[in-house]
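Encoded as structure tokens, the structure appears first; notes follow it.
Number of protein chains: 2
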Amino acid sequence: MSVVEQLSNDVGVELERVLKALASERRLLILEWLKDPSAHFPPQEHGDPVEHGACNQFIVDKLGVSQPAGSRHLKVLVDAGLIIATPRQGWTYYRRDEERIQSIASRMAEI
Amino acid sequence: MSVVEQLSNDVGVELERVLKALASERRLLILEWLKDPSAHFPPQEHGDPVEHGACNQFIVDKLGVSQPAGSRHLKVLVDAGLIIATPRQGWTYYRRDEERIQSIASRMAEI
DNA sequence: TAGCTATATAACTACCATGTTATGTAGTCG
DNA sequence: CGACTACATAACATGGTAGTTATATAGCTA
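Just so you know, the protein sequences line up as chains A and B, in that order. Residue numbers for the first sequence follow the working numbering, so the first one is 2 and each next one is one higher. Residue numbers for the second sequence follow the working numbering, so the first one is 2 and each next one is one higher.
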């Protein structure tokens, strides 16, 4: 199947959006950090870093941008389906959607 | 090797640029068409479509944008290393850099 | 309830991407 | 040489991206 024909697939439809989401050094860093939250962020009092991911605040701090700017980067990644947000006890935790990321990586092999 | 560490590689250094180049429906179409120039463009009087690719004019026409707009899309792809330009007898032919594209696809598997 | 914290949203600014038309440049051909 | 063609570049308009500060919302906690 051609890349263009894939534009009618669930992933293919979103291909341009996903690529736009990935085309940012800061968002690539976020995805990298989320591969191993415990290694990149301070210990969390609530929420298991492995199960739920890292909280917004830690990510924003590490990015070195304002809280709204970091929050929007995370939203872009969520909207592209690359990460999953889990609101919990006033915090929001983010983790990679590995299945979806893998699916996108497969499509990229056919670009 | 992590994605971030790859930022010191030849491909990794360019990862953001490549993703920005790919994050455009029009440029994805160009790459798709160049997979098989003979199937997507009229016969060329000069230049072998398989060896040198399709000429600027055909691509621009098929995109349906102005000549400068199409020309710039092609330049973005060239600058990202995704296609190769071959000036010849007043025309410029473009073909995919399959080796480079494959290299990028491999890196994407580690995103 | 009152106040604190975490996150999201609004409003604004600056910059980049992409489109256009106009023009420059290089090669072809009569 | 002069006209034509192919492509690149310049100049400009416009929309989207990404940053900021200010403000709203929601959940703890005393």
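All residues carry an ideal CB built from backbone N, CA and C; glycine is no exception. Remember, it's a predicted structure, so these values are computed and weren't measured experimentally.
Mind checking whether residue i and residue j have CB atoms under 8 Å apart?
i	j	result
residue 55 of chain B	residue 38 of chain B	yes
residue 97 of chain B	residue 82 of chain B	no
residue 105 of chain A	residue 106 of chain B	no
residue 24 of chain A	residue 17 of chain B	yes
residue 20 of chain A	residue 20 of chain B	yes
residue 60 of chain A	residue 78 of chain A	no
From the DSSP output, read off the bridge partner residues of residue i.
i	result
residue 88 of chain B	B:93
residue 110 of chain A	DSSP output for residue 110 of chain A lists no bridge partner at all.
residue 55 of chain B	B:95
Does the beta-carbon of residue i have 16 or more other beta-carbons within 10 angstroms, so that it is buried, or is it exposed?
i	result
residue 33 of chain B	buried
residue 94 of chain B	buried
residue 1 of chain A	Residue 1 of chain A lies beyond the residue range present for chain A, which begins at 2 and ends at 112; the question has no answer from this structure.
residue 15 of chain A	buried
residue 160 of chain B	Coverage of chain B is limited to positions 2 through 112, which leaves residue 160 of chain B absent and any answer about it impossible.
residue 40 of chain B	exposed
residue 108 of chain A	buried
residue 110 of chain A	exposed
residue 42 of chain B	buried
residue 103 of chain B	exposed
residue 13 of chain B	Any reading at residue 13 of chain B must be qualified, since the residue scores a pLDDT of 46, below 50, and its modelled position is unreliable; the value itself is stated next. Residue 13 of chain B comes out buried.
Under the criterion of a Cβ to heavy atom distance below 7 Å, does residue i qualify as lining the ligand ZN?
i	result
residue 101 of chain A	For the structure depicted, the ligand ZN is absent and the ligand set is empty, with no information on it obtainable.
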